[in-house]
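**Q** Those protein sequence lines, which keep their order, are chains D and E.
The numbers in the working numbering rise by one with no breaks, and the one at position 207 of the first sequence is 207.
In the working numbering, each residue's number is its place in the second sequence (first place is 1) plus 214.
I have a structure here, written as structure tokens, and I will follow up with some questions on it.
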Amino acid sequence: MRRVLAGLSSACDRGEEMSSLNVFFAGVGGQGIITGASIIARAAIVAGVDAVMSEVHGMAQRGGSVVCELRLGDVHSPMIPEGEADLIIGFEPVETVRSLIKANHHTVVITEVRPIIPVSVSLGGIAYPAVEDLLAYLRSQVAAVYAVPAAAMAEEIGLPQAANVVLLGAAMGTGLIPLELGTIRDTLSRSVPTKALEANFRALQGGFELTRKA
Amino acid sequence: MKYQALVDGKTGDHELLLGNEAAVRGALEAGIGIAASYPGTPSSEIGDVFSIVAKASGVYFEYSANEKIALEVAAAAAASDVRSFTFMKHVGLNVASDSFMTTAYVGTRAGFVVLSADDPSTHSSQNEQDNRYYARLANVPMLEPSSPQETKDYMVEAYNISEKLELPVLFRTTTRVAHMRGDVVFGDRRPVVRRGVFEKDPARFVPVPANSSKMHVKLLGKLAEARHLSETSSLNHVVDVGVGGRAGVVTVGSTFNYVIDALEELGLSARVFKIGFSYPLPLDRIREFAASVDELLVVEELEPLMENDIKADFLSHGTRTPVCGKEELLVPRVHELNIDVVAKALASHFGVPLHVPASGKVQPWSSLLPSRPPVLCPGCPHRGSYLAVRRAIRELGIPEPVFASDIGCYTLGMAAPFSAADYLLSMGSSVGTAGGFDVATDQRVFSFIGDSTFFHAGLSALASAIHNKHRFVLTVLDNRTTAMTGHQPNPSMLTDAVGDPAPAISIEAVAKAMGVPFVKVINPYRVAEATEAYKEAMQVDGVAVIVSKQVCSLLLDRAKRAKGIWQTFQVDRDVCTGCLTCVHDVACPAIFVSEGKAEINQELCDACGVCSQVCPVHAIGVKK
């Protein structure tokens, strides 16, 4: 039941032909990471693009590092090999940096800029690095870095839980994901409560504009 | 209703499903009437989905108090001609194994499937045991899918095999299949048979010695039949990657995905024997397959089970094709595999260069990044319990106390500053091991068990401790749910697995009825009172039981928000002296240090108020 990944190679501006797109999500438990990744995966299936995902469930309900891996196209394993992520969506600056083991110099990175300080820092172990340093490091390693104040934007919209949707919009704005924004909107409208729909659309559009302009 | 598509999806419909969700659709397509489980990651979502869809699909579903009981409920249903399903995490099958072993002897009438979700790399488990051994131990057939689609399809096939052989079928998944999401195309749903008749047949169903010795002979006959089914099964088949490959690979489960992707990455042509019906192995076909390749690499996670079977079989048949795997240190015997590990094994064995990303890998961050291990949630009531017991111990000057821990979120109390987990074996082990530390040492012993775990394996352990006059303080961390696996009900709650009203069993009443001399219910959010209760409990010469009752903060938070209550605590920076007692004693993810003073993250705070009670200068209060 494998379908041809239409539009995928044209969507990517690296020289080589691609048969798949690897998207790595990293953040902190409770940030809506799986929900965000699922929306892309569902939209992909609707658009006739194969999608497989690997999720982390269980012990880290809140506060622990959480990753989610999404692969579009002609692949079997839902897990991304080291150095093979095309797009990294980081929900927290340190977690974005931690995920760079999956990156190569062509990788595009979208990252939330607001830190969530882990207990290990509060208890006086190691200091939390300056966000500007983390961003400078990211910029020195990968093809493009989009620093997105997703949490702040979601708060401005009046729906703090929609920070993940802002990042989703930002991911779409890069043009890397071979799907229409409308398909994502349709999927979103089936995934969130009706009363929160308008705010979610605004979050999506806000993120989209931010990276598209950049 | 969420998951409506699983109930009324038609043939040819397709849905993006988690492996565990696909297992439910497979069970429904197979027409099961009864399902029973005890939650355990990575199998938990199967029960979560049944909780929602069971009534609408005409299926009976229960959370039993433990896996052994769940397996027994399902076994009896299948003996009564109702297709049944039980599912659990790998270590859950240890609990169920006493009855599981004998289900192979007595056999089944209707299809009976036992799903074991294994956890290589111990993402959420105390060990990474390989439950494929159980198929060999019990002499029952086993299936292992690689994807959500196969999970759904193989479930249907498992019921057919079970009925053909009148044996339970072991259905083994791993974390990466259970928690893999992919597109699943549906098949037909067979009508549900919810009730059957149990026809008595003692020679078949009562394994007293006179019967059981005959049953073993019969079982081995069925196993030979199972081997024949495996030899002819389409679940075992060859996949050719590239053209004219002379490299041979035998693989199974999630590892199949890694093998295919790694071969593509390496640009290596190979013939891959994909095993789906994995016990008994189709050894005749593997031997034939071996004749078509130059050499064989067996790629499987954990134990070298297929590898050993194949090597032994080739030896006894004089098959010359070389077989390699773990013995040759090509494939690791620990932890889960992935594309990178498999690519390395394939490249080194078949002599091709490893693929390196065209642009080269990135440089890692120059210094250490702050780690972010899982921690007790903001507002978690366990924090108050551990804080109180630590304070009571300090105030009474108890030297070297031993903390016997158990399986649940509360095991995270192992971390500083509580350091409240010194020894852990399995579900319920806190109670038995507490008694062992008591009789073997002069140290004071404190054990901690959750409400769900208490009913799972704590009850009989408590009876044993009381009767044997063990002395320790047992805290039942009663957060009114089975929290770690995603908030499933347990026997102390007023609702059952499908949301119907159910009799709630009082933990304190049970302890009193058993004759525990000291039983006290505390609220862990009231630190001073809780500390006093612990000091009192430590005077008891025998088992003292403290029931620390406070609903899981995730549920409390959800309930408060539904009512429109948004309460948080904040630090008055003019009053805060920067002593950081709150940071060091409470270790809450919501509290952080900013310019030498404590600060509370308003997004994370769940308003438990524990930090405000430890602040020596009363600088923390409800945000106005």
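Beta carbons: idealized from backbone N, C-alpha and C, even for Gly.
On a predicted model such as this, the values are computed, not experimentally measured, just so you know.
#1: Quick check on this structure: which residue in Phe617(E), Ala559(E) and Val431(E) has the alpha carbon closest to the alpha carbon of Thr469(E)?
#2: Assess, as a yes-or-no matter, whether the region 731-747 of chain E is touched by the region 598-608 of chain E under the definition of 3 or more beta carbon pairs within less than 8 Å.
#3: Apply the 10 Å Cβ neighbour rule to Gly435(E) and answer buried if 16 or more other Cβ atoms are within range, or exposed otherwise.
#4: May I ask you to check if the CB of Tyr739(E) is nearer than 7 Å to at least one heavy atom of the ligand MG?
#5: Looking only at C-alpha atoms, which of Phe783(E), Cys822(E), Val831(E) and Ala821(E) sits nearest to Glu813(E)?
#6: Select from the region 23-42 of chain D all residues with a C-beta closer than 8 Å to any C-beta belonging to chain E, and list them in chain order.
#7: At a Cβ threshold of 8 Å, is Gly642(E) touching chain D?
#8: Could you tell me which residues DSSP pairs with Phe686(E) in its beta bridges?
#9: Mind pulling the chain E residues with CB within less than 7 Å of Ile225(D)?
#10: Alpha carbon to alpha carbon, how far is Phe264(E) from Phe275(E)? Give it in angstroms, no decimals.
#11: Would you identify the three-state DSSP class for Ala144(D), choosing helix, strand or coil?
#12: Tell me the rounded alpha-carbon separation between Ala648(E) and Leu497(E).
#13: For chain D, find out if any of its Cβ atoms is closer than 8 Å to the Cβ of Asp799(E); answer yes or no.
#14: Along chain E, in chain order, which residues have C-beta atoms closer than 7 Å to that of Tyr146(D)?
#15: Can you list the beta strand (DSSP E) stretches of 3 or more residues lying completely in the region 297-361 of chain E, in chain order?
#16: Between the region 231-242 of chain E and the region 195-214 of chain D, do three or more beta carbon pairs fall short of 8 Å?
#17: Can you list the residues of chain D that His393(E) reaches, using a CB-CB cut of under 8 Å?
#18: Check this for me: beta carbons of Gly627(E) and Thr667(E), under 8 Å apart or not?
#19: Establish whether the CB of Pro118(D) and some CB of chain E are separated by less than 8 Å.
#20: Among the residues of its own chain, which have a CB less than 6 Å from the CB of His832(E), if the five just before and after it don't count?
#21: Where do the N-terminal and C-terminal ends of the alpha helix (DSSP H) with Asn471(E) fall, by residue?
#22: In or out: Phe412(E) buried (at least 16 other Cβ within 10 Å) or exposed?
#23: Are the Cβ atoms of Ile157(D) and Ala85(D) separated by less than 8 Å?
#24: Nearest by alpha-carbon distance to Glu479(E): which of Ala196(D), Lys213(D) and Pro81(D) is it?
#25: Answer yes if the region 539-554 of chain E comes into contact with the region 510-518 of chain E, meaning at least three C-beta pairs across the two stretches below 8 Å, and no otherwise.
#26: What would DSSP say about Lys595(E), mapped onto helix, strand or coil?
#27: Which residues of chain E have a Cβ atom closer than 7 Å to the Cβ of Gln141(D), listed in chain order?
#28: So with CB distances below 7 Å, who are the chain E contacts of Ala103(D)?
#29: Name the DSSP bridge partner or partners of Tyr277(E)?
#30: So Pro78(D) contacts chain E; which residues on that side make the cut at Cβ distance below 8 Å?
#31: Would you report the Cα separation of Glu69(D) and Ile88(D), rounded to the nearest angstrom?
#32: Kindly indicate which residue of Leu519(E), Gln363(E), Val555(E) and Leu379(E) has the alpha-carbon position closest to the one of Val327(E).
#33: Near Ala279(E), which residues of its chain fall below 8 Å by C-beta distance, leaving aside the five closest residues on each side in sequence?
#34: Would you verify that the beta carbon of Pro93(D) is, or is not, closer than 8 Å to some beta carbon of chain E?
#35: Which of helix, strand or coil does DSSP assign to Cys538(E)?
#36: By the criterion of Cβ-Cβ separation under 7 Å, what are the contact partners of Leu691(E) in chain D?
**A** Taking the structure as given:
#1: Ala559(E)
#2: yes
#3: exposed
#4: Among the components modelled here there is no ligand, and therefore nothing to report on the ligand MG.
#5: Phe783(E)
#6: Val28, Gly29, Ser38, Ala41 and Arg42
#7: no
#8: Val757(E)
#9: With chain D represented from 1 up to 214, any question about residue 225(D) goes unanswered, as that position is not in the structure.
#10: 7 Å
#11: strand
#12: 48 Å
#13: no
#14: Correct list: empty, because the minimum Cβ distance to chain E is about 17 Å.
#15: 298-303 and 326-332
#16: no
#17: Ser54, Glu55, Val56 and His57
#18: no
#19: yes
#20: none
#21: Ser468 to Leu480
#22: exposed
#23: no
#24: Pro81(D)
#25: yes
#26: Reading off the sequence, residue 595(E) comes out as Pro, not Lys. The answer is helix: DSSP assigns Pro595(E) an H, G or I state.
#27: Val576 and Gln577
#28: Val576
#29: Ser251(E)
#30: Arg390, Met394, Arg395, Gly396 and Asn471
#31: 10 Å
#32: Leu379(E)
#33: Tyr252, Phe669, His670, Asn704 and Pro705
#34: no
#35: strand
#36: Result: empty, since nearest Cβ-Cβ is about 15 Å, beyond 7 Å.
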